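Data block below; observations after.
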Amino acid sequence: KHHLRQGIQTTRRLLKKATGDLRDWQNLLGGSVRNIIHPRMRIKYTIPIVFFMALVIIEKENKIISRVSDKITLKQNVPDPLQPGGLSHMLLKHNASFLPHSKDFVLMKRRLENYSKNQEAMQKGRKHVLLLATTRTGSSFVGEFFNQQGENMFYLFEPLWHVEKMLTLETGGTNATASAKAYRDVLQQLFLCDFSQLESFIDPLPVNHVTTSLFRRESSSSLCEESVCSPVVKGVFERYRCKTRRCGPLNLTMASESCLKKEHRVIKSVRVRQLENLRPLTKDPR
1 KHHLRQGIQT
11 TRRLLKKATG
21 DLRDWQNLLG
31 GSVRNIIHPR
41 MRIKYTIPIV
51 FFMALVIIEK
61 ENKIISRVSD
71 KITLKQNVPD
81 PLQPGGLSHM
91 LLKHNASFLP
101 HSKDFVLMKR
111 RLENYSKNQE
121 AMQKGRKHVL
131 LLATTRTGSS
141 FVGEFFNQQG
151 ENMFYLFEPL
161 WHVEKMLTLE
171 TGGTNATASA
181 KAYRDVLQQL
191 FLCDFSQLES
201 FIDPLPVNHV
211 TTSLFRRESS
221 SSLCEESVCS
231 PVVKGVFERY
241 RCKTRRCGPL
251 NLTMASESCL
261 KKEHRVIKSV
271 RVRQLENLRP
281 LTKDPR
């Protein structure tokens, strides 16, 4: 400890002496020598400083360019969920436990397929029209405006009649909650030209997607066109048969194919009771 203290004191004395000597030399040299030394020092240190600043600026520009490039690349490489396998690939890549056979995956895939079909319809300028009304209000007359449009229109007359009949209770009423959900699901699938949901409500059940019991088939011109008209079967009675041409039982697969080729799809129904949230397009001002 004694030797350490002596060393520290000696160092302090030397530093103090060197500082005093430096001050003496500055006073002795005067301003003329300082004016000579300072410009040389400026020239000596200016070049490295400028070079260093240039490197810093270049490095910052490179970082900015790199960030912009990464964003552009990321945007280009994001898979389109509407493309086949797009969403499935992303889900399986980021979450291996999200297997194709899981309930959540099937539900999401079904929603994506419905969304894709709706997007395709919108891009092609297709329209989905749902004509809702109460009974005895002239809805059948209004529906005929759509029904008579011919080639570009797929019109369905009261397809929810089968749903209402199936869900009618012994008391004569229906369960509002159950019927509302069933109406929604059937209508959604029909607008996608899928008759599978409706088939489950037709009585008797269709055989191989062929039925003789679709309600008021003759009121839907689209279901009596040549492309949907199957050969007449002897001994088979069809209550709602076509009037414009002789057709056999309705093949719902052929009806679906015809629907997909149409530009617009219209469904008319008086079965949906809860209309309080709807506003009329036109209203009698009186």
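Residue numbering for the sequence shown follows my numbering, beginning at 1 and increasing consecutively. Think of the CB as a built atom: it goes at the ideal place given N, C-alpha and C, for glycine as much as any other residue. A quick note: this is a predicted structure, and the numbers were derived from the prediction, not measured.
Exposure label - residue i; buried when at least 16 CB within 10 Å
{"i": "residue 160", "result": "buried"}
{"i": "residue 268", "result": "buried"}
{"i": "residue 217", "result": "buried"}
{"i": "residue 147", "result": "buried"}
{"i": "residue 182", "result": "buried"}
{"i": "residue 145", "result": "exposed"}
{"i": "residue 212", "result": "buried"}
Euclidean distance between Cα positions of residue i and residue j
{"i": "residue 88", "j": "residue 109", "result": "No answer about residue 88 holds up, because its pLDDT of 46 lies below 50 and its placement is not dependable."}
{"i": "residue 283", "j": "residue 140", "result": "18 Å"}
{"i": "residue 270", "j": "residue 136", "result": "9 Å"}
{"i": "residue 232", "j": "residue 105", "result": "43 Å"}
{"i": "residue 210", "j": "residue 185", "result": "21 Å"}
{"i": "residue 239", "j": "residue 224", "result": "14 Å"}
{"i": "residue 113", "j": "residue 285", "result": "43 Å"}
{"i": "residue 262", "j": "residue 193", "result": "10 Å"}
{"i": "residue 272", "j": "residue 133", "result": "8 Å"}
{"i": "residue 244", "j": "residue 227", "result": "13 Å"}
{"i": "residue 174", "j": "residue 127", "result": "31 Å"}
{"i": "residue 169", "j": "residue 215", "result": "20 Å"}
{"i": "residue 180", "j": "residue 189", "result": "14 Å"}
{"i": "residue 172", "j": "residue 203", "result": "18 Å"}
{"i": "residue 207", "j": "residue 149", "result": "31 Å"}
{"i": "residue 176", "j": "residue 234", "result": "41 Å"}
{"i": "residue 260", "j": "residue 138", "result": "28 Å"}
For residue j and residue i, believed in contact at Cβ under 8 Å, the rounded distance
{"i": "residue 187", "j": "residue 252", "result": "At roughly 16 Å, the Cβ-Cβ gap does not stay under 8 Å, so residue 187 and residue 252 are not in contact."}
{"i": "residue 230", "j": "residue 247", "result": "6 Å"}
{"i": "residue 236", "j": "residue 153", "result": "Actually they do not touch by this definition, with Cβ atoms about 29 Å apart."}
{"i": "residue 163", "j": "residue 201", "result": "5 Å"}
For residue i: DSSP bridge partner residues
{"i": "residue 265", "result": "128 and 154"}
{"i": "residue 251", "result": "210"}
{"i": "residue 174", "result": "168"}
Residue nearest to residue i in terms of C-alpha spacing, selected from the options
{"i": "residue 249", "options": "264, 134, 176 and 205", "result": "205"}
{"i": "residue 157", "options": "168, 221 and 177", "result": "221"}
{"i": "residue 264", "options": "151, 133 and 178", "result": "151"}
{"i": "residue 258", "options": "167, 178 and 155", "result": "155"}
{"i": "residue 197", "options": "234, 171, 127 and 166", "result": "166"}
{"i": "residue 195", "options": "127, 254 and 128", "result": "254"}
{"i": "residue 256", "options": "213, 203 and 199", "result": "199"}
{"i": "residue 143", "options": "219, 260 and 234", "result": "219"}
Within-9 Å CB hit, residue i to chain B
{"i": "residue 186", "result": "Considering every chain present, this structure includes no chain B. It has just one protein chain."}
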